[in-house]
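Undergrad:
2 protein chains.
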Amino acid sequence: MKSVDDVREAGGADRERAGAAAGTVAGAVPAGKHAGGRRPGETRTREAILDAARACFAERGFDTTSMRRIAEAAEVDQSLVHHFYGTKENLFLQALEVPLKMPQVLAAAAEGGRDGVGERMVRAHLALWDDLSTRPALMTMVRSASVHRVAAARLRETATTILADALGNVVTGEDAVLRSNLIATQLIGLAMMRYIAVLEPLAAADTDTVVRYYGPALQAIVEG
Amino acid sequence: MKSVDDVREAGGADRERAGAAAGTVAGAVPAGKHAGGRRPGETRTREAILDAARACFAERGFDTTSMRRIAEAAEVDQSLVHHFYGTKENLFLQALEVPLKMPQVLAAAAEGGRDGVGERMVRAHLALWDDLSTRPALMTMVRSASVHRVAAARLRETATTILADALGNVVTGEDAVLRSNLIATQLIGLAMMRYIAVLEPLAAADTDTVVRYYGPALQAIVEG
DNA sequence: GTCTATAAATAGATAGAC
DNA sequence: GTCTATCTATTTATAGAC
Chain F
1 MKSVDDVREA GGADRERAGA AAGTVAGAVP AGKHAGGRRP GETRTREAIL DAARACFAER
61 GFDTTSMRRI AEAAEVDQSL VHHFYGTKEN LFLQALEVPL KMPQVLAAAA EGGRDGVGER
121 MVRAHLALWD DLSTRPALMT MVRSASVHRV AAARLRETAT TILADALGNV VTGEDAVLRS
181 NLIATQLIGL AMMRYIAVLE PLAAADTDTV VRYYGPALQA IVEG
Chain L
225 MKSVDDVREA GGADRERAGA AAGTVAGAVP AGKHAGGRRP GETRTREAIL DAARACFAER
285 GFDTTSMRRI AEAAEVDQSL VHHFYGTKEN LFLQALEVPL KMPQVLAAAA EGGRDGVGER
345 MVRAHLALWD DLSTRPALMT MVRSASVHRV AAARLRETAT TILADALGNV VTGEDAVLRS
405 NLIATQLIGL AMMRYIAVLE PLAAADTDTV VRYYGPALQA IVEG
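From first to last, the protein sequence lines are chains F and L.
With the numbering used here as the guide, the letters of the first sequence map in order to residues 1 to 224.
With the numbering used here as the guide, the letters of the second sequence map in order to residues 225 to 448.
Written out as structure tokens, the structure reads:
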């Protein structure tokens, strides 16, 4: 598993921020140091639930994942899941939040001109899917896009906004937006077959091999 | 909607065959003409249920589709669905049966040598998805592949057996199987974004345009 | 903040009358 | 072959004790 930079999105709009360090535990917090802020222990449980939800949704999709299962995975009571996130729908929305690093990584890959941009995009995409801090949200999105309206909308949004924006300076000329769509199509297809359908030998192939063969396919569309 | 040849698979193993013409209705059957065969009226209801199931599964996926909903779509009682197909799982299996014409159409597209095979494959694939007699089964397969083991297996099988077989004489040399995987990846990605996620402007683009831009991308992998 | 208990809806599946 | 009625399990979600 390759590791990309450790930039993560703030998450849901109503998510509290940890005071300073990420590893803050209940017992390590100085007494009387939380005026108006969160009470110690709360955030940890809340995040544990969200992480568990992401993992479950990523692995089994929206419908197949029950609130009970998420609670079990987070090792908390079922009612706590509702207490923190209300409905299953809302929890799913939070789990869908795409890590901020995604547009950054893809934009970085699109830099550097037209030459070899196909291979760089494939490599960046694989890096995001092989990174354990970004994979669950991506997997949740793609896996549920077929049956959940919001996940599908998020997928479209990712394909257009993020990808088309990143490729804005690279894919130019006639039908530029359509061609960007087709590049996104190739990348989503790759995720689908390699990580979800687990098609062999593709799923077991190493990154370099995939980049070598698939990069030129993206490049063909970049060139128009 | 373009129409491909009208070859359809026999369906499930336990499916009865219609006597002669497809349009046979109860009243039009000669009396005493069904010794040991099916009783009139049965087949029609049975097929209506299967068609309705395919339509529902195609549109909403496995989990979201209830037996009651299928019964409603077929305009029959719920218990009839169980009567004919037993479990929901079994009905889903029947609905997944990929039309026989699929491998035929793809094999035909692969004929004619390496030149322009990318464009021919894209065009054949789009024809299958735009044909109302094949689309529901394909849609059912791809839409549920993310959450249903059997659908995923069918997708893998389609990608390897059917596609790799068709491309056997075209994709040769180093990593031929992996490259066939990547071609299937592109086609499934296309179906996913154009027909399921409905990404614009891709979904609204006409066939020729998609073929023109996407064909060379497949060709790049064929060439290696 | 965390738990027990349960409401309310819906699912798949079956029995049996006709 | 077709319908009514119902069983059983599971789901999301909430109320309320501590």
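Cβ atoms here follow ideal geometry from the backbone N, Cα and C, with glycine treated the same way.
Can you give the beta carbon distance from M363 (chain L) to Y309 (chain L), rounded, assuming they're within the 8 Å contact cut?
TA: The count along the second sequence starts at 1 and reaches residue 363 (chain L) at position 139. The count along the second sequence starts at 1 and reaches residue 309 (chain L) at position 85. Going by Cβ atoms, the distance from M363 (chain L) to Y309 (chain L) rounds to 19 Å, so no, they are not a contact pair.
Undergrad: Give, in chain order, every residue of the stretch 376 to 407 of chain L whose Cβ lies closer than 8 Å to some Cβ of chain F.
TA: Per Cβ criterion, the list reads A376, L379, R380, A383, T384, D399, V401, L402, R403, N405, L406.
Undergrad: CB-CB under 7 Å to H372 (chain L), same chain, minus the five flanking residues each way: which ones, in chain order?
TA: Your numbering for residue 372 (chain L) matches position 148 in the second sequence. Contacts found: F286.
Undergrad: Report buried or exposed for T385 (chain L), applying the criterion of at least 16 other Cβ atoms within 10 angstroms of its Cβ.
TA: Walking along the second sequence from the start, residue 385 (chain L) turns up at place 161. Label assigned to T385 (chain L): exposed.
Undergrad: Verify the CB distance criterion: does V341 (chain L) have a CB-CB separation below 7 Å to chain F?
TA: As a position in the second sequence, residue 341 (chain L) is number 117, starting the count at 1. So no, V341 (chain L) is outside the interface.
Undergrad: How many Å lie between E72 (chain F) and Q78 (chain F) at the Cα?
TA: Residue 72 (chain F) sits at position 72 when you count from the first residue of the first sequence. Residue 78 (chain F) sits at position 78 when you count from the first residue of the first sequence. If you take the alpha carbons of E72 (chain F) and Q78 (chain F), they lie about 8 Å apart.
Undergrad: Use the C-beta contact count for N405 (chain L): other C-beta atoms within 10 angstroms, 16 or more gives buried, fewer gives exposed.
TA: As a first step, residue 405 (chain L) must be located in the second sequence, where it is residue number 181. Buried, since its Cβ has 16 or more Cβ neighbours within 10 Å.
Undergrad: So within the stretch 282 to 356 of chain L, which uninterrupted alpha helix (DSSP H) runs reach at least 4 residues, ignoring any that extend past its ends?
TA: You should have 291 to 298, 302 to 309, 312 to 320, 325 to 334, 341 to 354.
Undergrad: So which residues of chain L does I188 (chain F) contact, with C-beta pairs closer than 7 Å?
TA: Here the question's residue 188 (chain F) lines up with position 188 in the first sequence. Those are G413, M416, M417, listed as they occur along chain L.
Undergrad: So, is R231 (chain F) buried or exposed, given that buried needs 16 or more other C-beta atoms within 10 angstroms?
TA: Residue numbering for chain F in the displayed model covers 1 to 224; residue 231 (chain F) lies beyond these limits and cannot be assessed.
Undergrad: Quick check: is the beta carbon of P136 (chain F) nearer than 7 Å to any beta carbon in chain L?
TA: Position 136 of the first sequence, counting from 1, holds the residue named residue 136 (chain F). Chain L, which has no Cβ nearer than 7 Å to the Cβ of P136 (chain F), makes this no.
Undergrad: Would you grab the beta carbon distance between V341 (chain L) and V394 (chain L) for me? Rounded to a whole angstrom, and I think it's under 8 Å.
TA: One-based indexing of the second sequence puts residue 341 (chain L) at position 117. One-based indexing of the second sequence puts residue 394 (chain L) at position 170. Yes, they are in contact, since the Cβ atoms of V341 (chain L) and V394 (chain L) sit about 5 Å apart, within 8 Å.
Undergrad: Since D248 (chain F) meets chain L, which of its residues come closer than 8 Å, beta carbon to beta carbon?
TA: The shown model of chain F, from 1 to 224, leaves out residue 248 (chain F), and the question about it has no answer.
Undergrad: Where does N181 (chain F) sit, in a helix, a strand or coil, going by DSSP?
TA: Your numbering for residue 181 (chain F) matches position 181 in the first sequence. N181 (chain F) falls in the helix class under three-state DSSP.
Undergrad: In chain F, which residues lie with their C-beta within 9 Å of the C-beta of S370 (chain L)?
TA: For the purposes of this step, residue 370 (chain L) is identified with residue 146 of the second sequence, where counting begins at 1. Per Cβ cutoff of 9 Å: G61, V142, R143, S144, A145, S146, V147, M192, I196, A197.
Undergrad: Can you tell which of L:A421, L:I273, L:K325 has the C-alpha that lies nearest to the C-alpha of A159 (chain F)?
TA: For the purposes of this step, residue 159 (chain F) is taken as the residue at position 159 of the first sequence. It is L:A421 whose Cα lies nearest to the Cα of A159 (chain F).
Undergrad: Could you give the C-beta distance for A74 (chain F) and A48 (chain F), rounded to a whole number, given that I count them as a contact under 8 Å?
TA: Working through the first sequence from its first residue, we reach residue 74 (chain F) at position 74. Working through the first sequence from its first residue, we reach residue 48 (chain F) at position 48. A74 (chain F) to A48 (chain F), Cβ: 5 Å. Contact.
Undergrad: Just verifying my parser: in three-state terms, what is the DSSP assignment at A205 (chain F)?
TA: Numbered from its first residue, the first sequence carries residue 205 (chain F) at position 205. Correct three-state label for A205 (chain F): coil.
Undergrad: Counting only C-beta atoms, is T267 (chain L) closer than 7 Å to chain F at any point?
TA: Numbered from 1 along the second sequence, position 43 holds the residue referred to as residue 267 (chain L). No, its Cβ sits nowhere closer than 7 Å to a Cβ of chain F.
Undergrad: Using a cut-off of 8 Å between C-beta atoms, extract the partners of P99 (chain F) located in chain L.
TA: For this step, residue 99 (chain F) is matched to residue 99 along the first sequence. Within chain L, no residue comes near P99 (chain F); the closest Cβ sits about 20 Å away, beyond 8 Å.
Undergrad: Determine whether the Cβ of Y438 (chain L) lies closer than 7 Å to any Cβ atom of chain F.
TA: Residue 438 (chain L) sits at position 214 when you count from the first residue of the second sequence. Yes, its Cβ sits closer than 7 Å to a Cβ of chain F.
Undergrad: Nearest chain F C-beta to I445 (chain L) closer than 7 Å, yes or no?
TA: Looking up residue 445 (chain L) in the second sequence gives position 221. So yes, I445 (chain L) belongs to the interface.
Undergrad: Note down, in chain order, all residues in the stretch 72 to 84 of chain F with a beta-carbon under 8 Å from any beta-carbon belonging to chain L.
TA: Those residues of the stretch 72 to 84 of chain F that come within reach of chain L (Cβ to Cβ, closer than 8 Å) do not exist; the list is empty.
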